[in-house]
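Here's the structure, in structure tokens; my notes come after.
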Amino acid sequence: MPVRIGVVVFPGSNCDRDTVHALQLAGAEPVVLWHEQASLESVAAVILPGGFAYGDYLRAGVIARFSPIMRAVAGFAGEGGLVLGICNGFQVLAEAGLVPGALLRNQSLRFAGREVAIAAERVDTAFTHALDARRPLRMPVAHGEGCFYADDATLDGLERDGQVIFRYVDSTGTNAQPGDPANPNGSLRAIAGVINTAGNVGGLMPHPERAAEAILGSDDGMGILRSLVDSASRATADPVGPAVAVR
Amino acid sequence: MTSYRYAVNVTPKPGILDPQGRAVEGSLGHLGISGVSAVRVGRRVELTVDAVDEASARAVVDRLARELLSNPLIEAYDVEAIGGASSAMSGAAREA
């Protein structure tokens with residue numbers, strides 16, 4: 059029985075169908091969750107997809123943060139449920155304080171819509187265990203506010219505690235610091251994705267669902283989605299876990 | 012109940028990179044303007060709060076500014092009373 063994974067749809071989400079498609083390819087049963095509903099319908103994991111939730115008004119992600127579904131997502135995350143935010147979904151999680159940091163306007167002031175390379179800093183997390191260590195993954199970015207920011211003390215803490223899971227890298231696999239063209243938005247310390255301290259909530263700016271099959275030019279994103287699906291399946295199999303799927 | 016009108020001014024915290032401010036600053040040469048520096052671009056939100064007294068109204072707008080209108084990681088805000096208070100009971104215009 060395929061594991062059920064929720065895909066939240068906010069007004070303005072535009073990567074939800076791609077995410078649903080990619081989850082099917084990864085062997086999961088996607089469950090579309092509307093932003094006004096307060097129930098997660100017993101899914102085993104939740105993805106907040108890309109887009110422009112609520113028009114990105116005020117700040118990207120902030121209005122979505124106060125929607126009924128996000129109350130449920132925050133509760134689910136607090137009980138250890140797996141949550142992944144992609145692009146705008148990452149911005150929503152950051153605004154909600156479910157992952158550290160903030161996403162500032164790209165330092166170039168330009169919308170960045172192109173393929174980048176990222177490398178997994180850790181391959182032992184719920185979102186990365188199916189990946190090869192440090193092999194660059196090619197996938198697109200498409201955002202205007204993706205510059206990862208936190209103060210120096212927080213950045214030091216994130217690195218010390220293993221909360222940085224992806225960094226932008228150049229063609230040689232070296233971390234792409236702000237100012238390097240391989241860093242599409244000026245993210246501090248080349249950070250492309252992070253997890254919370256418990257490791258059950260993660261976010262990244264690049265789009266794994268847009269690099270989920272060879273016909274798209276890259277299927278490097280599939281390793282991230284497979285990791286999530288596999289982690290969700292294990293959570294479901296654990297009868298004392300918080301994310302038991304009930305059909 | 013009385014209506015109180017406020018402006019909430021949200022600005023990037025000192026030290027936070029502000030690419031919009033930098034872009035504005037970079038354009039000043041095109042206008043033939045010199046001697047302008049430290050440009051910071053923020054946002055101003057004006058709103059009316061109905062409350063029993065000024066302290067209650069201020070508490071509401073402070074919470075709104077802290078939890079929604081600004082992100083405390085990257086932005087600072089200040090609250091400014093604008094216009095006068097107007098009584099909602101008397102049918103006076105809300106836009107004081």
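Keeping their order, the protein sequence lines are chains A and B.
With this note's numbering applied, the first sequence covers 59 to 305.
With this note's numbering applied, the second sequence covers 12 to 107.
We put the CB at the ideal spot given by N, CA and C, even for glycine.
Values in this document were obtained by computation on a predicted structure and should not be read as measured data.
Identify which residue in A/Y207, A/P69, A/A102 has its Cα closest to the Cα of A/H307. Lying outside 59 to 305, the shown extent of chain A, residue 307 of chain A is not represented and no answer is given.
Shorter than 7 Å from the beta carbon of A/R163 to some beta carbon of chain B? Your numbering for residue 163 of chain A matches position 105 in the first sequence. Chain B, which has a Cβ nearer than 7 Å to the Cβ of A/R163, makes this yes.
Under 7 Å between C-beta atoms of A/G48 and A/F169: Look at the range of chain A in this structure, 59 to 305, and you will see that residue 48 of chain A is not part of it.
Tell me whether A/M59 is buried or exposed, calling it buried when 16 or more other Cβ atoms sit within 10 Å of its Cβ. Residue mapping note: residue 59 of chain A aligns to position 1 of the first sequence, counting from 1. Burial call: exposed.
Cβ pair A/P264, A/I282 closer than 7 Å: Your numbering for residue 264 of chain A matches position 206 in the first sequence. Your numbering for residue 282 of chain A matches position 224 in the first sequence. Result no, Cβ atoms of A/P264 and A/I282 do not sit closer than 7 Å.
In or out: A/E217 buried (at least 16 other Cβ within 10 Å) or exposed? If you number the first sequence from 1, residue 217 of chain A lands on position 159. Taking all protein chains shown into account, A/E217 has fewer than 16 neighbouring C-beta atoms within 10 Å of its C-beta and is therefore exposed.
Flag B/P30 as yes if its beta-carbon sits less than 7 Å from any beta-carbon of chain A, otherwise no. The count along the second sequence starts at 1 and reaches residue 30 of chain B at position 19. True, the Cβ-Cβ gap to chain A drops below 7 Å.
If A/A118 and A/Q149 are in contact, beta carbons under 8 Å, what's the gap, nearest whole angstrom? Here the question's residue 118 of chain A lines up with position 60 in the first sequence. Here the question's residue 149 of chain A lines up with position 91 in the first sequence. Contact between A/A118 and A/Q149 holds: their C-beta atoms lie close to 4 Å from each other, under 8 Å.
Check whether the segment 232–249 of chain A and the segment 283–291 of chain A touch, using three or more Cβ-Cβ pairs below 8 Å as the test. No, the segment 232–249 of chain A does not touch the segment 283–291 of chain A.
Against A/R117, what residues of chain B qualify as contacts under a CB-to-CB distance less than 7 Å, listed in chain order? Translated into the one-based positions of the first sequence, residue 117 of chain A becomes position 59. Simply N82.
Between the C-alpha atoms of A/E87 and A/A103, what's the straight-line distance to the nearest angstrom? Against the first sequence, residue 87 of chain A aligns to sequence position 29. Against the first sequence, residue 103 of chain A aligns to sequence position 45. Straight-line Cα distance between these residues: approximately 11 Å.
Local conformation of A/T294 per DSSP, three classes: Along the first sequence, read from residue 1 onward, the residue named residue 294 of chain A stands at position 236. Judged by DSSP in its simplified three-state form, A/T294 adopts helix.
The segment 143–161 of chain A: which residues have C-beta closer than 8 Å to a C-beta of chain B, in chain order? Within the segment 143–161 of chain A, the residues whose Cβ lies closer than 8 Å to some Cβ of chain B are E153, G159, A160, listed in chain order.
Does DSSP classify A/T212 as helix, strand or coil? Taking the first residue of the first sequence as position 1, residue 212 of chain A is located at position 154. Assignment of A/T212 by DSSP, reduced to helix, strand and coil, places it in the helix class.
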